[in-house]
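Data first, discussion second: the structure below is written as structure tokens.
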Amino acid sequence: MKRILITGAGGTASGNFIASLRMSGESFHLVGVDTNPYHLACADVEARYVVPRCDDPAYPRVLAEIIRRERIDLVHPQPDVEVAFLSTHRNAIPTRLLLPSETAIRTCHDKMACNEALVRAGVPVPFSVRLASLDALSACFATLSDASESEKVWVRAVRGAGSRAALPVTTPEQAAGWIRYWIEEKGLQPADFMLAEYLPGREFAFQSLWYRGELVTSMARERMEYLMGNLMPSGQSSSPSVARTVHRDDVNDVATRAVRAVDPEPHGVYCVDLKENAAGQPCVTEINPGRFFTTSNFFSTAGCNMPWYYVRLALGGALPEMPRYNPLPADLYWVRGVDRAPRLFRGEAWDARCAA
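Here the sequence shown stands for residues 7 to 362, where the numbers follow the numbering used here.
Structural data, given as structure tokens:
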């Protein structure tokens, strides 16, 4: 029985990764670690360990001790901060990892650096500028106004998940007020922000699995409604309450080119966020390397269990035959909510249920 350690095991994303392994039919000994004992207590694992934050000097030693004690075969880091930490401390981890290159992870974790890399490769992206200082806001707005038809500008932090510090604004004064709040209350600096062209179209999420430069499989979905989006200042969160599978050659093509632009030999998991511009062209807004989307169990429930394929790849196991693109039908709907189990609906069943 293979023994897998999952970091951030008390979180929703790690919980869905764990659920995917459980539904695979293969037996695993799962070990969860987390900084939060309350959330960790809910994890569906055989062993649980509370650990320091990964920026604590004790973290590498504590994690290595758990790996040895539990005879771990593979570590899967799910939170971005732990993906970054394990990427730069690979030699300190006494077991297997399946991660993209350190350079690719570092580039993708800086959204502006990622945007610039994609521009150089000719991949469609929203026109973006890094903010140097609050005094530069008016000039940044003028630059974006010249490049976009929209009056809105998207302000966001260059680092972090979950739409961190993201807000659509229409004036430099609105942007300044928002950024000052994050500076004064959260300790960010002006250079931690970027301003981007506002994209008005549909939003897509492309989850892909790679091995030594080759695409193993991938699937795209459209985010149709956002979990608690009505409570967010931006009107959206990064996690959907309603999503559906899509077959879009342009989404698949742009996302694949984006991954190859930041990593000439992709290896491991790459999740790409895209949104349509006014012309309907999907543009890459960010790339999340080394970990799965929160809703990885959507595709797993529907029949494409990428977390399980990922573990099999890392440990040298055989995989079922599958296409590189569109392994699932289009128009599968995944509906989720707080304190409600997610439900999978097929297109025709969805239409019938909603028409009743």
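All C-beta atoms, glycine included, are put in the ideal place defined by N, C-alpha and C.
Only a predicted model underlies this, so the values are computations on that prediction, with no experimental measurement involved.
Using 10 angstroms around the beta-carbon of residue i, count the other beta-carbons present and answer buried if the total reaches 16, otherwise exposed.
i, result
"Gly21", "buried"
"Ser306", "buried"
"Asp152", "exposed"
"Tyr187", "exposed"
"Ala64", "exposed"
"Asn42", "exposed"
"Lys281", "buried"
"Glu155", "exposed"
"Val344", "exposed"
"Tyr232", "buried"
"Asp50", "exposed"
"Pro270", "exposed"
"Tyr204", "buried"
"Asp255", "exposed"
"Asp40", "buried"
In the DSSP assignment, what are the bridge partners of residue i?
i, result
"Met328", "In the DSSP output, where bridge partners are listed per residue, Met328 has none listed."
"Gly286", "Beta-bridge pairing links Gly286 to no other residue."
"Val39", "Thr13 and Tyr55"
"Pro367", "Lying before the first or after the last residue shown, residue 367 is absent from the chain, which here runs from 7 to 362."
"Arg102", "Leu80"
"Arg352", "Leu338"
"Thr363", "The structure shown does not extend to residue 363, since the chain is modelled only from 7 through 362, so no value can be given for it."
"Val252", "Ala226"
"Val175", "Val159"
For the alpha helix (DSSP H) containing residue i, name the first residue and the last one.
i, result
"Met230", "Met230 -> not in any alpha helix (DSSP H); beta strand (DSSP E) instead, spanning Glu220 to Tyr232."
"Asp152", "Leu143 to Ala153"
"Glu190", "Pro178 to Lys192"
"Pro333", "That residue, Pro333, is in no alpha helix (DSSP H); it is neither H nor E in DSSP."
"Ala308", "Ser302 to Ala308"
"Ala110", "Glu108 to Cys114"
By DSSP, does residue i sit in helix, in strand, or in coil?
i, result
"Gly21", "helix"
"Cys120", "helix"
"Cys277", "strand"
"Asn294", "strand"
"Val131", "coil"
"Phe34", "strand"
"Pro272", "coil"
"Ala347", "strand"
"Val161", "strand"
"Arg170", "coil"
"Pro313", "helix"
"Pro246", "strand"
"Leu136", "Residue identity differs from the one stated: residue 136 is Arg in this sequence, not Leu. DSSP places Arg136 in strand when its eight states are reduced to three."
Grab the span of the beta strand (DSSP E) containing residue i for me, first residue to last.
i, result
"Met200", "Phe199 to Glu203"
"Ser214", "Glu209 to Tyr217"
What do you reckon, is the C-beta of residue i under 6 Å from a heavy atom of the ligand GTP?
i, result
"Ala181", "For the ligand GTP, the structure offers nothing, since it holds no ligand at all."
Tell me, please, whether the stretch 280-291 touches the stretch 106-116 by the rule of three or more beta-carbon pairs shorter than 8 Å. No: the two stretches stay apart, fewer than three of their Cβ pairs being nearer than 8 Å.
Could you say if the stretch 316-323 and the stretch 245-258 meet the contact criterion of at least three C-beta pairs nearer than 8 Å? no
Stretch pair the stretch 215-226 + the stretch 165-173: three plus CB contacts closer than 8 Å: No: fewer than three Cβ pairs fall under 8 Å.
Could you tell me whether the stretch 56-74 touches the stretch 96-107, where touching means 3 or more Cβ pairs closer than 8 Å? yes
Between the stretch 29-36 and the stretch 297-317, are three or more C-beta pairs nearer than 8 Å? yes
Using 8 Å as the threshold, is the stretch 134-154 in touch with the stretch 209-220, meaning 3 or more CB pairs across them? no
Would you check if there are 3 or more beta carbon pairs closer than 8 Å linking the stretch 271-281 to the stretch 293-302? yes
Taking contact to mean 3 or more Cβ pairs, one atom from each stretch, closer than 8 Å, check whether the stretch 192-205 and the stretch 148-164 are in contact. yes
If you pair each beta-carbon of the stretch 250-268 with each one of the stretch 335-346, do three or more pairs fall below 8 Å? yes
On the three-pair Cβ rule with 8 Å, is the stretch 125-132 touching the stretch 260-268? yes
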